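Be aware that the sequence shown starts at 1, since it is given in the UniProt record's numbering, and climbs by one per residue. Please read the structure below before turning to the comments.
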Amino acid sequence: MTSWSNNSNNQLRTASLEDKTPLSKRRLKTKPTLTVMAVLLIGNIFWFVLWIFGASMKNDGGDEIVATIDGEVITRQEWMASMESLYGKETLHSLVNDAVMERAAKEYDITVTEAEIDLEIALMSSTKDLDTSLKMFDEKQTRQLIRAQLILEKVLTKDVVIEDSTIQSFYNENKLLYNTPTTYRTGMIVVDSIDEATQVQNELKSGADFSMLARERSLDTSSASLGGNIGYISANQTTINPEIHKVAQELNINEVSEPFALNNGTFALLTISEIIEGKSFSYEEVKEHIKTELAMEQLPTNVSAEMFWEEFNVTSYYLK
1 MTSWSNNSNN QLRTASLEDK TPLSKRRLKT KPTLTVMAVL LIGNIFWFVL WIFGASMKND
61 GGDEIVATID GEVITRQEWM ASMESLYGKE TLHSLVNDAV MERAAKEYDI TVTEAEIDLE
121 IALMSSTKDL DTSLKMFDEK QTRQLIRAQL ILEKVLTKDV VIEDSTIQSF YNENKLLYNT
181 PTTYRTGMIV VDSIDEATQV QNELKSGADF SMLARERSLD TSSASLGGNI GYISANQTTI
241 NPEIHKVAQE LNINEVSEPF ALNNGTFALL TISEIIEGKS FSYEEVKEHI KTELAMEQLP
301 TNVSAEMFWE EFNVTSYYLK
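See below:
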């Protein structure tokens, strides 16, 4: 089996020698590929739908009408063809890369533990990274994406050497990065008046689904389409209405708040689906995380899972 690591090692070591930026002035890379991965996960969802309906088209020829516009029809086959043209290549690319990384992880005996995923979520949820990239996904999907990201990072950096003294220096100079506040994964419904808020509250008490009501009733357009999900919030986020954080602190998981006023005259109800307790992480707890992140800083900017395609004999007939 031909290995990528021999050629790349020289590039990586050269990159590390060229980086003269003091540790105290450096920022660890965020997770730029998480946004891409999130988009690809959406693609995977559409691809799954395409696959399911593809089987259906074999039975009915794809001629089923899915919409009409002024008498003109759109068939299921046209719908599926459009979805494939929009998401097909990206989704296939993602599926190939996922499979390659899983093979590479086995080949090089690389694992990702639940504790590592927990740490990543805790560190990211105290910044805008997780909120911006992944707030449209539930906890299981979020963990799936982060696991894939960590496998990729570990495989790519498996041959990069970072001295313990360098890791310790970074930790000592950046301890605030590893002192995370308590964060809350929050859903919100915003309405015009206290009367409407009370009506929504009563519907929820009668068994209505929070996310469905958010899509139907919430005035906050950015979160309504996501079922009311506003992502992870904490006391560190200056863009969050302090009243929202105050109410979130008082809730248990899956509990819905009483209606409360926002500073723009509207009213809201909150629910919490996850609580990540604040913590000050010790050096030993974050040592491997820092090592991987510093190693990622040394990689050439164009590294990706595609570098392993030849090693694992990837052949694709559509990714040209």
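Yeah, the Cβ is synthetic: ideal placement off N, Cα and C, and Gly gets one too. Just so you know, these numbers come straight off a predicted model, no measurement behind them.
Practice problem: Determine the direct distance from the alpha carbon of L226 to that of S165, and round the result to whole angstroms. | Solution: As a first step, residue 165 must be located in the sequence shown, where it is residue number 165. As a first step, residue 226 must be located in the sequence shown, where it is residue number 226. Going from the Cα of S165 to the Cα of L226 covers about 44 Å.
Quiz prompt | Own chain residues within Cβ distance below 8 Å of T301, not counting five before or after | solution = Translated into positions along the sequence shown, residue 301 becomes position 301. Excluding sequence neighbours, T301 sits near nothing in its chain.
Practice problem: Note down, in chain order, each residue of its chain lying with its Cβ closer than 6 Å to the Cβ of S273, except the 5 sequence neighbours on either side. | Solution: If you number the sequence shown from 1, residue 273 lands on position 273. Excluding the 5 residues flanking it on each side, S273 has same chain C-beta neighbours closer than 6 Å at R185, in chain order.
Quiz item: Pairing CB atoms from the segment 186-193 with CB atoms from the segment 210-222, are three or more of them under 8 Å?
Solution: A contact exists between the segment 186-193 and the segment 210-222.
Quiz prompt | Endpoints, beta strand (DSSP E) assigned at G187 | solution = As a working mapping, residue 187 is identified with position 187 in the sequence shown. Where G187 is concerned, the enclosing beta strand (DSSP E) stretches over 183-191.
Practice problem: Can you tell me the Cβ-Cβ gap for V303 and L156, rounded? I've got them flagged as a contact below 8 Å. | Solution: The count along the sequence shown starts at 1 and reaches residue 303 at position 303. The count along the sequence shown starts at 1 and reaches residue 156 at position 156. Going by Cβ atoms, the distance from V303 to L156 rounds to 6 Å, so yes, they are a contact pair.
Quiz item: So the alpha helix (DSSP H) F170 belongs to, where does it begin and stop?
Solution: Taking the first residue of the sequence shown as position 1, residue 170 is located at position 170. Element bounds for F170: 164-173.
Exercise. Consult DSSP for K279 and reduce its assignment to one of helix, strand or coil.
Key: If you number the sequence shown from 1, residue 279 lands on position 279. In the structure shown, K279 sits in a strand (DSSP, three-state: E or B).
Self-check item: Beta-carbon proximity list for S280, same chain, < 6 Å, skipping 5 on both sides
Solution: By one-based count along the sequence shown, residue 280 stands at place 280. Excluding its 5 nearest sequence neighbours in each direction, S280 has C-beta neighbours in its own chain below 6 Å: N179, listed in chain order.
Quiz prompt | Distance CB(N254)-CB(P181) smaller than 8 Å | solution = Counting from one through the sequence shown, the residue named residue 254 turns up at place 254. Counting from one through the sequence shown, the residue named residue 181 turns up at place 181. Result no, Cβ atoms of N254 and P181 do not sit closer than 8 Å.
Quiz item: When we look at the beta-carbon of residue 390 and count the other beta-carbons within 10 Å, is it buried (16 or more) or exposed?
Solution: With the chain covering only 1 through 320, there is no way to say anything about residue 390.
Quiz prompt | Contacts around R143, its chain only, beta-carbon distance under 6 Å, and the 5 residues preceding and following it disregarded | solution = One-based indexing of the sequence shown puts residue 143 at position 143. Excluding sequence neighbours, R143 sits near I117.
Practice problem: Pair every Cβ in the segment 263-272 with every Cβ in the segment 307-315, then say whether three or more of these pairs are closer than 8 Å. | Solution: Look at the beta carbons and you see the segment 263-272 not touching the segment 307-315: under three pairs across the two are nearer than 8 Å.
Quiz item: CB L145 to CB E120, shorter than 8 Å?
Solution: Numbered from 1 along the sequence shown, position 145 holds the residue referred to as residue 145. Numbered from 1 along the sequence shown, position 120 holds the residue referred to as residue 120. No; because the gap between Cβ atoms is not below 8 Å, this pair is not in contact.
Quiz item: Who pairs with Y232 in a beta bridge, going by DSSP?
Solution: Here the question's residue 232 lines up with position 232 in the sequence shown. Under DSSP, the beta-bridge partners assigned to Y232 are R185.
Exercise. Would you give the residue range spanned by the alpha helix (DSSP H) that A208 belongs to?
Key: Taking the sequence shown and counting its residues from 1, the one referred to as residue 208 is at position 208. Segment: none, A208 is in no alpha helix (DSSP H) and carries neither H nor E.
Quiz prompt | T198 beta carbon less than 8 Å from that of I276 | solution = Residue mapping note: residue 276 aligns to position 276 of the sequence shown, counting from 1. Residue mapping note: residue 198 aligns to position 198 of the sequence shown, counting from 1. Cβ atoms of I276 and T198: not closer than 8 Å.
Exercise. Measure the alpha-carbon distance for E306 versus S234 and round it to whole angstroms.
Key: Translated into positions along the sequence shown, residue 306 becomes position 306. Translated into positions along the sequence shown, residue 234 becomes position 234. Answer to the nearest angstrom: the Cα atoms are 37 Å apart.
Quiz item: Which first and last residues belong to the beta strand (DSSP E) in which I151 is found?
Solution: Taking the first residue of the sequence shown as 1, we reach residue 151 at position 151. Counted as a single uninterrupted DSSP element, the stretch harbouring I151 is not any beta strand (DSSP E) but the alpha helix (DSSP H) occupying residues 139-156.
Quiz item: Taking the C-alpha atoms as reference points, what is the distance between E310 and V96?
Solution: As a working note, residue 310 is residue 310 in the sequence shown. As a working note, residue 96 is residue 96 in the sequence shown. Those two C-alpha atoms are separated by around 12 Å.
Quiz item: Mind checking I162: buried by the 16 CB within 10 Å criterion, or exposed?
Solution: Counting from 1 along the sequence shown, the entry for residue 162 is found at position 162. Taking all protein chains in view, the Cβ of I162 is crowded by 16 or more other Cβ atoms within 10 Å, so the residue is classified as buried.
Exercise. List the whole-angstrom C-beta distance separating I167 from L294, where the pair is believed to meet the contact cut-off of C-beta under 8 Å.
Key: If you number the sequence shown from 1, residue 167 lands on position 167. If you number the sequence shown from 1, residue 294 lands on position 294. Between the beta-carbon of I167 and that of L294 there is about 7 Å, and that keeps the pair under the 8 Å contact cut.
Quiz item: So which of H245, E153, G231, E250 has the shortest CA-CA distance to A104?
Solution: Numbered from its first residue, the sequence shown carries residue 104 at position 104. With distances taken between CA atoms, A104 lies nearest to E153 out of H245, E153, G231, E250.
Self-check item: Through-space distance from A115 to Q141, alpha-carbon basis
Solution: On the sequence shown, position 141 is the one that residue 141 refers to. On the sequence shown, position 115 is the one that residue 115 refers to. Pairing Q141 with A115, the inter-Cα distance amounts to about 16 Å.
Quiz prompt | Endpoints, beta strand (DSSP E) assigned at V100 | solution = Translated into the one-based positions of the sequence shown, residue 100 becomes position 100. Where V100 is concerned, there is no enclosing beta strand (DSSP E), although the alpha helix (DSSP H) it sits in stretches over 76-107.
Quiz item: What separation, rounded to the nearest whole angstrom, lies between the Cα atoms of F308 and I240?
Solution: Here residue 308 refers to the residue found at position 308 when the sequence shown is read from its first residue. Here residue 240 refers to the residue found at position 240 when the sequence shown is read from its first residue. Approximately 42 Å between the Cα atoms of the pair.
Exercise. Determine the direct distance from the alpha carbon of F210 to that of L204, and round the result to whole angstroms.
Key: As a working note, residue 204 is residue 204 in the sequence shown. As a working note, residue 210 is residue 210 in the sequence shown. Separation of L204 and F210 (C-alpha to C-alpha, rounded to the nearest whole angstrom) is 7 Å.
Practice problem: May I have the straight-line CA-CA distance separating T113 from H289, to the nearest angstrom? | Solution: One-based indexing of the sequence shown puts residue 113 at position 113. One-based indexing of the sequence shown puts residue 289 at position 289. Taking the straight line joining both Cα atoms gives about 12 Å.
Quiz prompt | Coarse secondary structure for F308, derived from DSSP in three states | solution = Mapped onto the sequence shown, residue 308 falls at position 308. Look at F308 here: in three-state DSSP terms it is helix.
Practice problem: For residue 321, name the three-state secondary structure that DSSP assigns. | Solution: Examination of residue 321 is not possible in this model, given that the chain is present from 1 through 320 alone.
Quiz item: Between which two residues does the beta strand (DSSP E) carrying V66 extend?
Solution: Within the sequence shown, the letter at position 66 stands for residue 66. For V66, the uninterrupted beta strand (DSSP E) segment begins and ends at 65-69.
Quiz item: Got a sec? Which residues, its chain only, sit under 7 Å from V100 by beta carbon, not counting five neighbours each side?
Solution: Taking the sequence shown and counting its residues from 1, the one referred to as residue 100 is at position 100. Excluding positions up to five away in sequence, the list reads A305, F308, W309, F312, V314.
Quiz item: Considering L123, what are the terminal residues of the alpha helix (DSSP H) in which it resides?
Solution: Position 123 of the sequence shown, counted from the first residue, corresponds to residue 123. The continuous alpha helix (DSSP H) containing L123 extends over residues 114-125.
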